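K.L.:
Encoded as structure tokens, here's the structure I'll be asking about.
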Amino acid sequence: MEKITNPELIEVLKRNRKDLNDAFYYYKNYFSYIDEEYFLKLFKKYAEYFAHIILRDYKHKNESFLSEKITQLYNFLLEVLAKNIFIRNDKIENLFYNIIQNLCRLFIENSEDMMRKTINILINLSNVSDAVTTRWYMNIVKYKDVISSPEDYYRIGVISAWISGLANYREESIKILETLGEDKIIKIFNNKSPDLNMLKSNYWYTPFSDKGRIYFKTAGKFSGFGGEFNEPPVIRLYNDDVFVETKESFYKLHFDFYGEYFEQIQKGGFDSTINDVDIKFTDEKIVINNKYFFQYDKITSINDVVFFKFNRNDIKSIVFFDNTLLYTLKNSFKIYFLGMF
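Anchor point for the sequence shown: position 101 equals 447 in this note's numbering, and the numbering is continuous, going up by one each time.
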């Protein structure tokens, strides 16, 4: 392995050799799978970057500051390897390092808090979807100019998770937006300012939504292909919340313009029913309960119309409320959405 060449960093390692060695052998004793060569390679990569930034930007700090940060980093990387996080998913390691580079001052000044928080976020997001994890990272980098504290990092991180497709963060994100200044909000939304009241009341509104536009999408798939359902699901409405049920599983469905999320929960024992929705198809529109309709020419993709022209007997379950229609089919593992802004 290529050796560390930074003289100041070498001195730090010499001064702290006993403590660092003790820490390594402690972890190695309890987690024998920790690979020394891989650990040293990781440590060299992170420690040289930390040392470079500290020696460049923190000249007013004494040498104990560098020792403190390098020791914290050393122990944290051992903790991560003990949990096998980077070995299981090297994408997490790459994103972790890239986030540190983009928010280096925050990580240096709040090392343990920021490192632990970031690893936990990346693990949780990667358990949902690699695509969501990548979008979250790209958003964090895009919003880095409005992140000046660990609190900002948490709050903007929640909003980023929502915008990246996790609708379960929708309500918390809107509450956070209500506390942010206009300058931060317009940076988050690409120089557009959302109507927060519209965000609260309409699942399909964003600053980029076209008035009168209808959004069509699907969610869920067969568990044999990595999805949620082992049989065509049933959707139910209870107090304006949508729940999804199979014989073995029960979910609360979070959804909006940005994405959807299935929150697996215990069945609540409430008396939820499949809605009595009257739906008809004409040559130009879908008519619901003889009043509400979706015009085909307003749908985001006219090619999606084929999904709507099914026989009423094909529907397994259907709910309709406000400006949203959701349904499932007897021969499909998907949930179908129509939403209007």
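Even for Gly, the Cβ is constructed at its ideal location relative to N, Cα and C. In this text, all values refer to a predicted model and were calculated from it rather than measured experimentally.
Give me the residue from N456, Y597, P579 with the minimum Cα distance to F422.
P.N.:
The candidate whose alpha carbon is nearest that of F422 is N456.
K.L.:
Count the other C-beta atoms from every protein chain shown that fall within 10 angstroms of the C-beta of L542, then say buried if there are 16 or more, exposed otherwise.
P.N.:
Exposed is the call here.
K.L.:
Are I560 and L684 touching if we call contact CB-CB under 8 Å?
P.N.:
Closer than 8 Å, so yes.
K.L.:
Can you give me the Cβ contacts of Y549 inside the same chain, cut-off strictly under 7 Å, excluding the 5 residues immediately before and after it?
P.N.:
So the list reads F601, D602, F603, T670, G685, once near-sequence residues are dropped.
K.L.:
Mind reading off the beta-carbon distance from L523 to K490? Whole number of angstroms is fine, and I expect it under 8 Å.
P.N.:
18 Å between Cβ atoms; not a contact.
K.L.:
Please list, in chain order, all residues of the same chain as I380 whose beta carbon is under 7 Å from its beta carbon, the five residues on each side excluded.
P.N.:
These residues qualify, in order along the chain: Y373, K374, L427, A428.
K.L.:
Would you mind listing the alpha helix (DSSP H) stretches within the segment 470-547 that are 4+ residues and don't spill past its ends, in chain order?
P.N.:
Runs found: 476-488, 496-509, 516-523, 528-534, 542-547.
K.L.:
Does V651 come out as helix, strand or coil in the three-state DSSP assignment?
P.N.:
In this prediction, V651 has a pLDDT of 49, which is less than 50 and means its spatial position is unreliable; nothing more can be read from the coordinates.
K.L.:
Nearest to K521 by alpha carbon, out of D368, K546, L401, E425?
P.N.:
When only C-alpha atoms are compared, the closest one is K546.
K.L.:
In three-state DSSP terms, what is H398?
P.N.:
It is helical.
K.L.:
So, for F389: in the same chain, excluding its five sequence neighbours on each side, which residues have a beta-carbon less than 8 Å away from its beta-carbon?
P.N.:
Around F389: L419, Y420, L423.
K.L.:
For the putative contact between N444 and Y483, defined by C-beta atoms under 8 Å, what is the C-beta separation to the nearest angstrom?
P.N.:
That pair is a contact at about 7 Å.
K.L.:
By the DSSP assignment, the beta strand (DSSP E) with L599 in it spans what residues?
P.N.:
Note, L599: beta strand (DSSP E), 596-601.
K.L.:
Mind checking which residues open and close the alpha helix (DSSP H) that includes Y673?
P.N.:
It is not in any alpha helix (DSSP H) - Y673 instead sits in the beta strand (DSSP E) that spans 670-675.
K.L.:
Under 8 Å, do V665 and L583 count as touching if we go by C-beta distance?
P.N.:
Yes; because the gap between Cβ atoms is below 8 Å, this pair is in contact.
K.L.:
The alpha helix (DSSP H) with R361 in it runs from where to where?
P.N.:
Looking at the DSSP string, the run of the alpha helix (DSSP H) that includes R361 is 353-361.
K.L.:
Would you mind working out which of T417, T464, G605 sits nearest F370, comparing C-alpha positions?
P.N.:
Among T417, T464, G605, the Cα nearest to that of F370 is on T417.
K.L.:
In angstroms with no decimal places, state the Cα-to-Cα distance between K364 and N537.
P.N.:
Rounded to whole angstroms, K364 to N537 spans 53 Å at the Cα level.
K.L.:
If you drop the 5 nearest sequence neighbours on each side, which residues of the same chain put their C-beta closer than 7 Å to that of M461?
P.N.:
Cβ neighbours of M461 beyond the five flanking positions: F422, F453.
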